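Taking it in order: structure first as structure tokens, then the write-up.
Protein chains in written order, with the numbering used here: chain A, 2 to 254; chain B, 2 to 254.
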């Protein structure tokens, strides 16, 4: 299925969010990753200017958000719901890692509407809310500091959704500039450089062919690693030639 | 190498951040993922109460942050720097996808200190700053709305670092509760349920053995999908038996 269409089938449901700023941050996080359907279950304060500010260009998602009284209403018409939960609940669905869980979510989205369900900033999801979900996912955090911000949690899971929908390789904005690619130097060109370098070093006395030591292999290792381009070889040889003219070893016109 | 040690070798460098709140959000994002070394290059305002507020329990990272005047100073002593950049720069390092790029970053971290470099909220990184980095990474966003918040970008990349450091399976907090696992029902037990169900449906007239249609296969499909547990079979048969007693078909004591 078209990745964009798949992402459009994912509802992000925030249960009882306390801080309007987090609602805005969640909207912005969703939109950057191509998700658009925000559901708010009993938000403490919404709409709110702080939500608009944090949403920046994603205010349209706030305007189109569906506000409900219960999670059950927010899930109406969906076929699969996955809860974000920091810990395993007794009798609750088993908690999965993000990547495999999002894979399952998108497989369900191929068939219809699905939901990612987030709890309150302080309390998380209630057991009753968890039991409305068929699966659960956690974001593995530092055991010494697991206090993930709500907007940040939405960002991470929406990012995983986009990565998975595009099979790990979403297109990136290139804005018309591609990485600079120049013709690689041929073997002969690179060998010509080494010979030139050796000649110059010998002329200057830096290199003694009678006691070569490891100097030449070290230089080969250095330039070998950098996979020289033709232009670069020409530049380096130009520098070498310029020193030869200065020291009187250059070809005379 | 120990994943925690590996994560401790990653510097997060914010270049010219404008909003103290984003510095706090970045610190919180880092700490949740086990990173700890924050560098600030010419921050507009720092320290600042707004940074402390957004950092919540990660104020220690702000207190230990290194503030420098230039990116070059922030990279002193590191062996590899990766820039976050939304677009390919002419002659700049080629931009990679997050997962493979973070893999490269951590491979370098095995050898020594590395840095993840983030630009200003509005302007991103300057070309000069990008040229201080040996690699570049982008977070693939919705082409219609690529305005990722700075704290959110730090969160996503730190999350990828943690995932990669722990080979995709960081430990999750279980808090002593494991997923409820009950003995699965045996084939005979499930068949016993189907037989019981058929008997009850026949007794009630819901099912006509002369014209069976597709009712039984549909029920088998339903219960087959749910991989019944022994207790669940017992519960269902208990319900069936209770209806039989009510309708006079149950076994008389």
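Heads up, the beta-carbon is just placed ideally off N, CA and C, and yes, glycines get one too. Here the structure is a predicted model, which means the values were calculated and not measured.
9 Å Cβ cutoff, residue i in contact with chain B
i: residue 157(A); result: yes
i: residue 10(A); result: no
i: residue 98(A); result: yes
i: residue 195(A); result: no
i: residue 26(A); result: yes
i: residue 29(A); result: yes
i: residue 167(A); result: yes
i: residue 173(A); result: yes
i: residue 160(A); result: yes
Beta-carbon contacts of residue i that lie in its chain and below 6 Å, excluding the five residues immediately before and after
i: residue 25(B); result: 52, 55 and 56
i: residue 23(A); result: 151 and 152
i: residue 49(B); result: 21
i: residue 165(B); result: 103, 104 and 107
i: residue 160(B); result: 34
Cβ of residue i within 9 Å of any chain A Cβ
i: residue 253(B); result: Residue confidence for residue 253(B) is low, a pLDDT of 44 falling below 50, so the modelled location carries little weight and cannot support an answer.
i: residue 198(B); result: no
i: residue 126(B); result: no
i: residue 164(B); result: yes
i: residue 45(B); result: no
i: residue 59(B); result: yes
i: residue 170(B); result: yes
i: residue 151(B); result: no
i: residue 69(B); result: no
i: residue 140(B); result: yes
i: residue 117(B); result: no
i: residue 295(B); result: Nothing about residue 295(B) can be read from this structure; chain B reaches only from 2 to 254.
i: residue 35(B); result: yes
Contact set for residue i: own chain, Cβ-Cβ below 8 Å, skip 5 residues either direction
i: residue 6(A); result: none
i: residue 78(B); result: 114
i: residue 83(A); result: 102, 105, 106, 115, 116, 117, 118, 134, 135, 136, 137 and 138
i: residue 238(B); result: 193, 194 and 197
i: residue 202(B); result: 208 and 216
Contact check, residue i vs residue j, beta carbons under 9 Å
i: residue 198(A); j: residue 229(A); result: no
i: residue 117(A); j: residue 158(A); result: yes
i: residue 60(A); j: residue 103(A); result: no
i: residue 63(B); j: residue 36(B); result: no
i: residue 162(A); j: residue 72(A); result: no
i: residue 234(B); j: residue 190(B); result: yes
i: residue 4(B); j: residue 119(B); result: no
i: residue 32(B); j: residue 58(B); result: yes
i: residue 101(A); j: residue 20(A); result: no
i: residue 171(A); j: residue 98(B); result: yes
i: residue 68(B); j: residue 42(B); result: yes
i: residue 30(A); j: residue 47(A); result: no
i: residue 141(B); j: residue 155(A); result: no
i: residue 208(B); j: residue 216(B); result: yes
i: residue 231(A); j: residue 185(A); result: yes
i: residue 75(A); j: residue 10(A); result: no
i: residue 18(B); j: residue 28(B); result: no
Under 7 Å from the C-beta of residue i: neighbouring residues of chain E
i: residue 32(A); result: Judged by its chain identifiers, the structure shown contains no chain E, and its protein chains are A and B.
Any non-hydrogen atom of the ligand GDP closer than 8 Å to residue i Cβ
i: residue 48(B); result: This structure does not include the ligand GDP; it has no bound ligands of any sort.
7 Å Cβ shell around residue i - same chain, five flanking residues per side excluded
i: residue 96(B); result: 86, 89, 137, 138 and 139
i: residue 2(B); result: 111
i: residue 254(B); result: Note that residue 254(B) scores 37 on pLDDT, short of 50, meaning its location in the model is unreliable and no value can be drawn from it.
Length-filtered (3 minimum) beta strand (DSSP E) runs lying within the segment 124-212 of chain A: 136-138
Residue ranges of each alpha helix (DSSP H) run of no fewer than 4 residues wholly in the segment 18-52 of chain B, ordered along the chain? 21-33
Enumerated in chain order, which unbroken segments of the alpha helix (DSSP H) with a length of 4 residues or greater are wholly contained in the segment 55-122 of chain A? The qualifying runs are 60-64, 72-75 and 99-110.
Cβ contact (3+ pairs, closer than 8 Å) linking the segment 132-145 of chain B and the segment 89-109 of chain B: yes
Fully enclosed by the segment 213-241 of chain B, which alpha helix (DSSP H) runs are 4 residues long or longer? 216-226
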